[in-house]
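Residue numbers (my numbering): 10 to 325. Backbone N, C-alpha and C fix where the C-beta goes; we use that ideal spot for every residue, glycine too. Note that the coordinates shown come from a computational prediction; the quantities given were computed from them, not determined experimentally. Working notes for the structure below.
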């Protein structure tokens, strides 16, 4: 188990900070959503920035082929379009040259809203960017500004890994994420189609989904997901149902051995403190042994880790 200290600074991948720096200032137009993460970047000289800023025909811009977002909130786009009609597009989009036109790097919400507002041109920063940077920027813009739904984000991570032949650790490092975050989202792709749709639509939370993943079959996962939705069960309640099923079906049954009363008492106290099953095995007249602490979801694992005083813990 690798233990990771809290407070690790996040950073963007190679060259991404310099590409994004002109649009990540504190004075950025609020229409573009929540504030971006703090980024240390070298701003280009004034002349270079001035030369790269252009007013571009909207019809000359192709969408980003690596855009992970597939669902757009029409009301949010309408509100942004109204803001643009009144105030114009204050924060430029970012594009790269592509043939006789341009290809979008970042700012698809602004581009779509500008189209709704019947604009024919839009301010844009023209940057040279590789395909790798194009995908990274599309991910970063959505993850750090306007959240993707869990399945969109999981598919975006998977696409990123496959496109550039990266490990989860490499992808996390380049995107400024913890490896456990990337791993947890990728696990959602193991869910049956119906549950992935529930997640995408917000009818099932990621915490519920991660707990349900501990069940061995898709049929059991579907049944528990439907029960959780119908009964408005909390994540902790779903975790308890998963734990009960795994215990009752004897998937980890062992031959019970008699234990000294003081060991049974210690097991009971530890279980009460940690909120999960604890098993203590001793040997060599009680001088050696091991303690087994069970968990039934990654959320429960994180909770137990915090309870025993660990910092952020990477996924086992």
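About 11 Å separates the beta carbons of residue 234 and residue 251, which is beyond the 8 Å limit, so they are not a contact pair. The three-state secondary structure of residue 98, taken from DSSP, is coil. For residue 74, there is no enclosing alpha helix (DSSP H), since its DSSP letter is neither H nor E. Around the beta carbon of residue 238, fewer than 16 other beta carbons sit within 10 angstroms, so the residue counts as exposed. Of all C-beta pairs linking the segment 159-168 to the segment 180-194, three or more are shorter than 8 Å, placing the two stretches in contact.
Its Cα nearest to that of residue 174, the residue 141 stands out among 141, 187 and 200.
Given a length threshold of 4 residues, each whole run of the alpha helix (DSSP H) inside the segment 137-190 is given here in chain order: 140-153, 159-173 and 177-184. Comparing alpha carbon positions, the residue from 129, 65 and 236 closest to residue 109 is 65. For residue 184, the closest alpha carbon among the candidates 256, 215 and 143 is that of 143. In this structure, residue 117 lies near residue 72, with their beta-carbon atoms less than 8 Å apart. Ranked by Cα distance from residue 310, the first of 87, 103, 213 and 248 is 248. Out of 308, 211 and 277, the CA that lies nearest to the CA of residue 300 is found in 277.
Inter-residue distance for residue 221 and residue 76 is about 29 Å (C-alpha atoms, whole angstroms). Taking 4 residues as the minimum length, the alpha helix (DSSP H) runs contained wholly in the segment 224-255 are 227-239, in order along the chain.
Cα atoms of residue 240 and residue 134: separation of roughly 50 Å, rounded to the nearest angstrom. Close CB contacts of residue 207 within its chain, under the 6 Å cut and outside five residues either way in sequence, are with 213 (chain order). Distances from the CA of residue 246 to each of 290, 62, 216 and 188 were compared; the closest alpha carbon is that of 216. Within the DSSP secondary-structure output, residue 63 pairs in a beta bridge with 133. For residue 286, the three-state secondary structure derived from DSSP is coil. A residue is called buried when at least 16 other Cβ atoms come within 10 angstroms of its Cβ; residue 145 meets this threshold and is buried. Secondary structure note for residue 115: its beta strand (DSSP E) is the uninterrupted segment 110-115.
In this structure, the alpha-carbon of residue 87 lies about 8 Å from that of residue 126.
Per DSSP, residue 205 lies in no beta strand (DSSP E) segment; the continuous alpha helix (DSSP H) that holds it begins and ends at 202-209. Taken atom to atom, the span from the alpha-carbon of residue 242 to that of residue 316 is near 23 Å. Looking at the DSSP output, residue 105 sits in a beta bridge with 112. The C-alpha of residue 268 is placed about 56 Å away from the C-alpha of residue 78. A straight-line Cα-Cα distance of about 51 Å links residue 96 and residue 318.
Residue 131 and residue 81 have their alpha carbons spaced roughly 20 Å apart.
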